[in-house]
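As structure tokens, the structure follows; a few thoughts come after it.
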Amino acid sequence: MDWAILLEKAILILAVVTVSLVIAMYATWAERKVAAVIQDRRGPNRAGPFGLLQPVADGLKLFMKEEIIPNSSSKFLFIAGPALAMITALMTSAVIPWGPAVNLFGRDINLQIADINIGMLYVFGVVSLGVYGIMIGGWASNNKFSLLAAIRGASQMISYELAMGLCLIAVLMLTGSLRLSVIVGEQIGGLWNVVYQPLGFMIFFVCALAECNRTPFDLPEAENELNFGYHQEYSSMKLGFYLFAEYINMFISGVVMSTLYFGGYDIPFVNEAQWGNAWWVGLVGFGVLMAKALFFVFVFMWIRWTIPRFRYDQLMNLGWKGLIPLALLNMVATAVVILLLNK
Amino acid sequence: MQTLTNRAKLVDRKPMTAMEKIYLWNILKGMIITFKHIFKKKATIQYPEQKRSFSSVFRGLQILNRDEEGRERCTACGLCAVACPAEAITMEGAERLPGEEHLYREEKYAARYEINMLRCIFCGLCEEACPKDAIYLSQTFAPANYSREGFIYKKEDLLIPHPKENPEAYRKALGERKAKNN
Chain A
29 MDWAILLEKA ILILAVVTVS LVIAMYATWA ERKVAAVIQD RRGPNRAGPF GLLQPVADGL
89 KLFMKEEIIP NSSSKFLFIA GPALAMITAL MTSAVIPWGP AVNLFGRDIN LQIADINIGM
149 LYVFGVVSLG VYGIMIGGWA SNNKFSLLAA IRGASQMISY ELAMGLCLIA VLMLTGSLRL
209 SVIVGEQIGG LWNVVYQPLG FMIFFVCALA ECNRTPFDLP EAENELNFGY HQEYSSMKLG
269 FYLFAEYINM FISGVVMSTL YFGGYDIPFV NEAQWGNAWW VGLVGFGVLM AKALFFVFVF
329 MWIRWTIPRF RYDQLMNLGW KGLIPLALLN MVATAVVILL LNK
Chain B
16 MQTLTNRAKL VDRKPMTAME KIYLWNILKG MIITFKHIFK KKATIQYPEQ KRSFSSVFRG
76 LQILNRDEEG RERCTACGLC AVACPAEAIT MEGAERLPGE EHLYREEKYA ARYEINMLRC
136 IFCGLCEEAC PKDAIYLSQT FAPANYSREG FIYKKEDLLI PHPKENPEAY RKALGERKAK
196 NN
């Protein structure tokens, strides 16, 4: 047994989870800031410089709040719901290549927790597990509004996962591998996937919005129709976990999108391979991936404060009649082109 | 159809075209609009640091006035309490003793003077009723408080700072309107 590799992976896992949590924390701050500047307001600016301590204060507040578990709820599942949402949100990050391999202390370290050969499938599996957090939470609350919202959320996720998967098949045909490091490697060598798959990326992006329950697809939460939807009965940090999981999901889907379509940690028009594998190259790669992912997070927020929510039938229409046929078309077109070019 | 104004717009009820059904173009237009708003001037006023100035006729918290030598003007005649439509003012008079001439302007003064700010409607009738120019409404408002008792303002809360001992605070408390009239 190589203890060094265990240590290396443990440190990597700790770092990735910490980074995800901190980014999710500051995403709540960024969301409020973005909302404010779009609406000609200032946003939080009292706690610390630029209101940067606001997430800390919010977190503290959530911990201090009374923990309410409804009498009629199923206690075990009621607690399992938010825990599951959080765990599945964090699990996706395991297969993401966070940067190029670096040489540290005489060891080649891969900045990826697990380079498994079914990386993309794993991402999909975990993302679809995320719906259990919502379903279990909504059902265990024993409240009809929560249940309604949870069912809505489940059907929404299933519908949009289909189109998302069809887009991924096109990417898979381009690269010929489900391994995320290979997908990134191919893009570093050639052009980014978004050049070959603009339509696929658009569909993927829309589906990612739906998967994260973000506006215009935030029907499971639907503040004004369903009284906050599936987390209506939740209070204290259990509610915080649900909200937090949403932001982690947002960040992770930004990372997945940059990995699949925007070259991961690749810097455009720069040949980083000639820089060797010193520690700072890994850091630069990581920074570039972060910048891309955070840009997507910003776009998510920007969309949220621009457009209203879809009606439920519109949501289903768009998913089944709009996106799935388009994704199928994209898949077939990609297949035909690849066949003709004999790539 | 004849429209009432030239601003009327006919509602377009044509079914959406394929381009519109994808929503993308219209969403992009909306996003450009929201992006422009990021750089617009903010409407917010940073409250404790910046304050919106009140109108010169704003009627705020009452102040019990002093004369130029710092003697209380109030003689506890009770006209303000009678004029008060909300019955917010309570007072108790007392006779000025020898040696207190530097404290009170006339022979009678208010030993106790209370205004219940929860009852007060800030109509300014007390100011109009006062023959001695002893009470007037300033341009500040009653701050929040934790208890109802805190809203019953005693004489020491209402009295203006001494013009000789603390001229700066006196001028500040006097306010724009009163300073102009004097």
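If you're matching them up, the sequences are chains A and B in order. Just so we're on the same page, my numbering is the position in the first sequence counted from 1, plus 28. Just so we're on the same page, my numbering is the position in the second sequence counted from 1, plus 15. For glycine and all other residues, C-beta sits at the position ideal for the given N, C-alpha and C.
For the beta strand (DSSP E) that residue i lies in, which residues bound it at each end?
i, result
"Gly-165(A)", "Per DSSP, Gly-165(A) belongs to no beta strand (DSSP E); it is in the alpha helix (DSSP H), 147-168."
"Tyr-128(B)", "123-131"
"Tyr-151(B)", "150-152"
"Ala-109(B)", "104-110"
"Ile-137(A)", "135-137"
"Leu-132(A)", "130-132"
What do you get for residue i, buried or exposed, if any count of 16 or more other CB atoms within 10 angstroms of its CB means buried?
i, result
"Ile-136(B)", "exposed"
"Asp-82(B)", "exposed"
"Ile-47(B)", "exposed"
"Ala-126(B)", "exposed"
"Tyr-124(B)", "buried"
"Trp-303(A)", "exposed"
"Ile-92(A)", "According to the sequence provided, residue 92(A) is Met. The question's Ile does not apply to it. That one is exposed."
"Glu-107(B)", "exposed"
"Trp-220(A)", "buried"
"Tyr-128(B)", "buried"
"Met-34(B)", "exposed"
"Lys-266(A)", "buried"
"Trp-307(A)", "exposed"
"Phe-314(A)", "buried"
"Trp-31(A)", "exposed"
"Leu-367(A)", "exposed"
Does any residue of chain B bring its CB to less than 8 Å from the CB of residue i?
i, result
"Arg-69(A)", "yes"
"Thr-334(A)", "yes"
"Ile-352(A)", "no"
"Val-325(A)", "no"
"Trp-330(A)", "yes"
"Ile-66(A)", "yes"
With respect to the alpha helix (DSSP H) encompassing residue i, which residues constitute its N-terminal and C-terminal limits?
i, result
"Ala-38(A)", "31-66"
"Leu-247(A)", "Taken as a continuous stretch (DSSP letters only), Leu-247(A) belongs to no alpha helix (DSSP H), as it is neither H nor E."
"Val-327(A)", "307-332"
"Ile-335(A)", "Where Ile-335(A) is concerned, there is no enclosing alpha helix (DSSP H), given that its DSSP letter is neither H nor E."
"Thr-20(B)", "No alpha helix (DSSP H) holds Thr-20(B); DSSP gives it neither H nor E."
"Phe-233(A)", "226-239"
"Pro-83(A)", "82-92"
"Arg-120(B)", "Unbroken run through Arg-120(B): none, as it is neither H nor E."
"Ile-186(A)", "172-203"
"Thr-287(A)", "264-289"
"Thr-32(B)", "Note, Thr-32(B): premise wrong, no alpha helix (DSSP H); not H, not E."
"Thr-116(A)", "103-119"
"Pro-296(A)", "Where Pro-296(A) is concerned, there is no enclosing alpha helix (DSSP H), given that its DSSP letter is neither H nor E."
Taking Cβ to Cβ, would you say residue i is nearer than 8 Å to residue j?
i, j, result
"Tyr-188(A)", "Glu-239(A)", "yes"
"Ala-188(B)", "Ile-175(B)", "yes"
"Cys-235(A)", "Met-192(A)", "yes"
"Gln-154(B)", "Phe-69(B)", "yes"
"Thr-120(A)", "Val-155(A)", "yes"
"Gly-218(A)", "Ala-198(A)", "no"
"Ser-169(A)", "Ser-264(A)", "no"
"Glu-59(A)", "Met-329(A)", "yes"
"Leu-206(A)", "Ile-164(A)", "no"
"Leu-79(B)", "Leu-173(B)", "yes"
"Met-201(A)", "Thr-362(A)", "yes"
"Pro-248(A)", "Arg-180(A)", "yes"
"Ile-66(A)", "Thr-20(B)", "no"
"Trp-373(A)", "Ala-177(A)", "Outside the modelled stretch of chain A, which goes from 29 to 371, sits residue 373(A), for which no answer is possible."
"Val-123(A)", "Leu-208(A)", "yes"
"Arg-86(B)", "Leu-112(B)", "no"
"Ala-52(A)", "Phe-272(A)", "yes"
"Glu-36(A)", "Ile-137(A)", "yes"
"Leu-322(A)", "Gly-127(A)", "no"
"Gln-260(A)", "Asn-171(A)", "yes"
"Asn-131(B)", "Ala-103(B)", "yes"
Of all Cβ atoms in chain A, is any one closer than 8 Å to the Cβ of residue i?
i, result
"His-117(B)", "no"
"Gly-93(B)", "no"
"Met-31(B)", "no"
"Lys-55(B)", "yes"
"Ala-58(B)", "yes"
"Ile-78(B)", "no"
"Met-132(B)", "no"
"His-177(B)", "no"
"Lys-36(B)", "yes"
"Thr-155(B)", "no"
"Ile-42(B)", "yes"
| Sequence ranges, beta strand (DSSP E) only - wholly within the region 45-95 of chain B, length at least 3 | Complete beta strand (DSSP E) runs here, min 3: 77-79.
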